[in-house]
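In the working numbering, the protein residues as written are 10 to 484.
Where a beta carbon is used, it is the ideal one built from N, C-alpha and C, also for glycine.
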Ligand code: UDX
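In structure tokens, the structure reads:
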């Protein structure tokens, strides 16, 4: 049956894999509910249009043709927010002349906080998408009002609990830490991504049942409707690839030849980098554990090296058929494969949701930001992951054996099987994610197509100042 699409939704994703993926998945969910979907994206890391013929795409000139923004530094993220303002505004003005009141709202990734200013000026309602866990956002908004209560800290405090943030320790502070303190610029940036401005609601790639207490606390803070409708990758009716890198599908044939629950999948996500010393310790830990493994070594992920050439000489020959190394895997398919018995992960939020959804227990090796919070929840609250305490070959070997072979590993597996059942329940008709999705659709459908005139804003959207106007308003 052909659906008559009356309302359009404009999506503004942040152009890094772990952010682009959930936004495109959300687009597919909204499309399946009868909305037209327009994706306004940066030229950098543009999505593959052919995977989404049902969407309309608009490329914003981000000015990054000559700058390397492969790492999302604060400077790069602020520039992106500044550069895209005029392009988004001009595009929306033209589009609104054409579609008029059919534009229901803009949904933007909270890292693309410039959208709030543009939308406020044009009086278009916005909804913020958080691609992070509620626990991470909660940790940030708890620290912001009194950073002096947390920083600077002493080396001796690293394993002490962070006040009001159980189960986090000082070593899990989810910001960029230098000399045991967090630079003001880093705090300021995170304040900007936590500020939802005049948005009328927030969407979360999480489950109400999984993060209920955090979501409740956040809702008290933000005072707008919350729609936790995750995990998106399972709520999408028809999954299309969202990968920015080419997936090496040959690893699936290799997995087909392995015994059930025998393989450790190793991946540190789309952004994290490690040094060659860690690569070598990981290689020996994997080799000495004698467990089969599938290891993603992403190009550029080893500082100072192109790819896997920093591996010990003769490593791949020595491992032979027992191990497989690829540059990028079809991760969701890998995790769903019956041969996979564990996931050695950096604890990115997407990876964590994908792993729990396929009942795969984890070894947690967080690297930056939200990953530190996610790892603590995995190991201390949900108890479906084992912490890798030291990056050293014997510890890596023992931790792999613990997860894959020990009684403790079996208990971890049982808990993740139970967690998966909760996800299945949330996604069924009457489940929380389904119910919240229905509420979200009803909410968007009745949004006033034009908001009342905004109150004057300090820091107009045309400002060429590199600080976001949202930050200016807050100060
Ligand atoms: C970072 C943050 O850590 C994360 O929490 C935040 O929400 C987004 O940015 P990233 O390093 O991209 O994340 O990790 P993650 O959130 O796990 O996302 C990585 C995505 O890439 C996953 O969807 C995963 O399936 C995919 N992937 C990874 C592949 O498809 N193939 C691979 O080989 C590796």
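| Query | Result |
| --- | --- |
| Local Cβ density within 10 Å of residue 175, reported as buried at 16 or more and exposed below that | exposed |
| Where residue 24 falls: helix, strand or coil (DSSP) | coil |
| Residue 97, buried or exposed, once every other Cβ within 10 Å from all chains shown has been counted against 16 | buried |
| contact_flag[the segment 384-391, the segment 270-290] where n(CB pairs < 8 Å) is 3 or more | no |
| Residue 337 (DSSP reduced to helix, strand or coil) | coil |
| Residue 302, enclosing beta strand (DSSP E) - first and last residue | 302-305 |
| Nearest neighbour of residue 359, chosen from 141, 107 and 187 [CA to CA] | 141 |
| Spatial distance of residue 313 from residue 59 (CA atoms) | 34 Å |
| Pick from 351, 374, 357 and 381 that is closest to residue 368, judged by C-alpha positions | 351 |
| Beta-carbon spacing of residue 412, residue 376 below 8 Å | no |
| Contact set for residue 449: own chain, Cβ-Cβ below 8 Å, skip 5 residues either direction | 210, 212, 236 and 238 |
| Close beta carbons around residue 189, own chain, < 6 Å, minus the five adjacent residues each side | 161 and 162 |
| Close beta carbons around residue 147, own chain, < 7 Å, minus the five adjacent residues each side | 223, 226 and 227 |
| Secondary structure of residue 162, DSSP reduced to three states | coil |
| Residue 363, buried or exposed, once every other Cβ within 10 Å from all chains shown has been counted against 16 | buried |
| The segment 326-335 in contact with the segment 430-449 per 3-pair CB rule at 8 Å | no |
| Where residue 230 falls: helix, strand or coil (DSSP) | helix |
| Between the CA atoms of residue 77 and residue 391 - distance to the nearest angstrom | 38 Å |
| Separation of residue 404 from residue 283, as counted between CA atoms | 17 Å |
| Neighbourhood of residue 167 by C-beta, 8 Å cutoff - its chain only, sequence neighbours within 5 removed | 178, 179 and 180 |
| Residue 238, DSSP secondary structure in three states | coil |
| Integer-rounded CB distance, given that residue 207 should sit under 8 Å from residue 137 | Incorrect: roughly 10 Å between the Cβ atoms, too far for contact. |
| 8 Å Cβ cutoff met for residue 71 and residue 89 | yes |
| Residue 273, enclosing alpha helix (DSSP H) - first and last residue | Note, residue 273: premise wrong, no alpha helix (DSSP H); beta strand (DSSP E) at 272-276. |
| Cβ contact check for the segment 106-123 and the segment 81-95: 3 or more pairs under 8 Å | yes |
| Ranges of the alpha helix (DSSP H) found wholly within the segment 98-179, counting only runs of at least 4 | 123-131 and 143-152 |
| Contact test: residue 359 Cβ vs the ligand UDX heavy atom, cutoff 7 Å | yes |
| Contact between the segment 45-52 and the segment 254-269 (3+ Cβ pairs under 8 Å) | no |
| Sequence-distant residues of its chain with Cβ nearer than 6 Å to residue 240 (five each side left out) | 362 and 366 |
| N- and C-terminal bounds of the alpha helix (DSSP H) containing residue 292 | 285-298 |
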